[in-house]
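The structure appears below as structure tokens.
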Amino acid sequence: MPRRKTNLQVIENLNSDIQKVKSKSTLKMRIEDLITIDALTETQGHFFAEYKKDCRAMLLHGCAGTGKTYIALYRALEEVLQRGNPYKKVVVIRSAVPSREIGHLPGDETEKTAVYMQPYIDMCTALFPQKQQAFQRLIEQKYVEWMITSFVRGITLDNSIIIVDECQNMNDMEINSIITRVGHNSKIIFCGDFRQTDLYKKGDLSGLQKFMVIAENMPSFRTFEFSEDDIVRSDLVKEYLISRIRYEEQYGT
319 MPRRKTNLQV IENLNSDIQK VKSKSTLKMR IEDLITIDAL TETQGHFFAE
369 YKKDCRAMLL HGCAGTGKTY IALYRALEEV LQRGNPYKKV VVIRSAVPSR
419 EIGHLPGDET EKTAVYMQPY IDMCTALFPQ KQQAFQRLIE QKYVEWMITS
469 FVRGITLDNS IIIVDECQNM NDMEINSIIT RVGHNSKIIF CGDFRQTDLY
519 KKGDLSGLQK FMVIAENMPS FRTFEFSEDD IVRSDLVKEY LISRIRYEEQ
569 YGT
């Protein structure tokens, strides 16, 4: 069995890939390089339909394995790469709970948080199968910007499509800080599942459920709940999550 890469190895590999991309900066990412994705479930279809109506604020929440972040990133990249659109970039804001104490990791801000980029590297590899180092190229060409919640204060995000991922791992103050960063000609998409919170410290509570109530009273917000019927990752994952949900309903967490 191959060994799992260490944080330092992931950082070194990412930095190496970025340097390779810089040497090939003339290979511009284009809308034609992006694959076409169709909705696999009814809820995904509802999201696609509302997105086309230019909805500016959305919350995708529910079961793991339902493709919430994947379809949000797909739609965002599709729009940003389209000529004549008002959006300059996709901003991915990740809740990386351990990154609140990232001082022990080597390197600068980018290097410290690089280990948390892996899911998006994988997604972009799938979305741009003909392009090597797709995620790194998108960053280098300023179509994508990456940040963690620790660094959002004091900025305004204009002309951006903002994807807030793993928002169940954000406390109320973090969610408040992010949504108040939204500037002119921007839209924001929250993705999360309150069943998957990594907030274990005493007094560190997820702000997602409170935010869901607040969003319900905002006319501009659209909420999409992904159930066990929307799980698309694999049959085994679907079977496991359904069984786990049944267990928690009967016995508690």
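Oh and the sequence shown: position 47 is 365 in the working numbering, straight run, nothing missing. Ideal placement from N, C-alpha and C gives every residue a C-beta, glycine not left out. Here the structure is a predicted model, which is why all the values come from computation and not from measurement.
Only buried fits T431, as 16 or more other CB atoms lie within 10 angstroms of its CB.
Each residue's CA atom was taken as its position, placing R471 and I563 some 36 Å apart.
In this structure, DSSP gives T541 an extended state, which the three-state scheme calls strand.
For G363, the enclosing alpha helix (DSSP H) stretches over residues E360 to K370. Out of L559, Q451, I481 and E396, the CA that lies nearest to the CA of I497 is found in I481. Around the C-beta of Q486, 16 or more other C-beta atoms lie within 10 Å, and the residue is accordingly described as buried. Three or more beta-carbon pairs separated by less than 8 Å are not found between the segment 374–390 and the segment 455–469, which leaves the two stretches without contact.
Taking every protein chain shown into account, the CB of T354 has fewer than 16 other CB atoms within 10 angstroms, so this residue is exposed. Cβ-Cβ separation between Y369 and L445: approximately 16 Å, too far for a contact (criterion under 8 Å).
Of all alpha-carbon atoms in N403, L358 and R374, the one lying nearest the alpha-carbon of I349 is that of N403. In the three-state scheme derived from DSSP, where H, G and I count as helix and E and B as strand, R393 is classed as helix. Residue environment analysis places G385 among the buried positions, since at least 16 neighbouring C-beta atoms fall within 10 angstroms of its C-beta.
A distance below 7 Å between beta-carbons, with the five flanking residues on each side excluded, links E484 to the following residues of its chain, in chain order: R412, S413 and G510.
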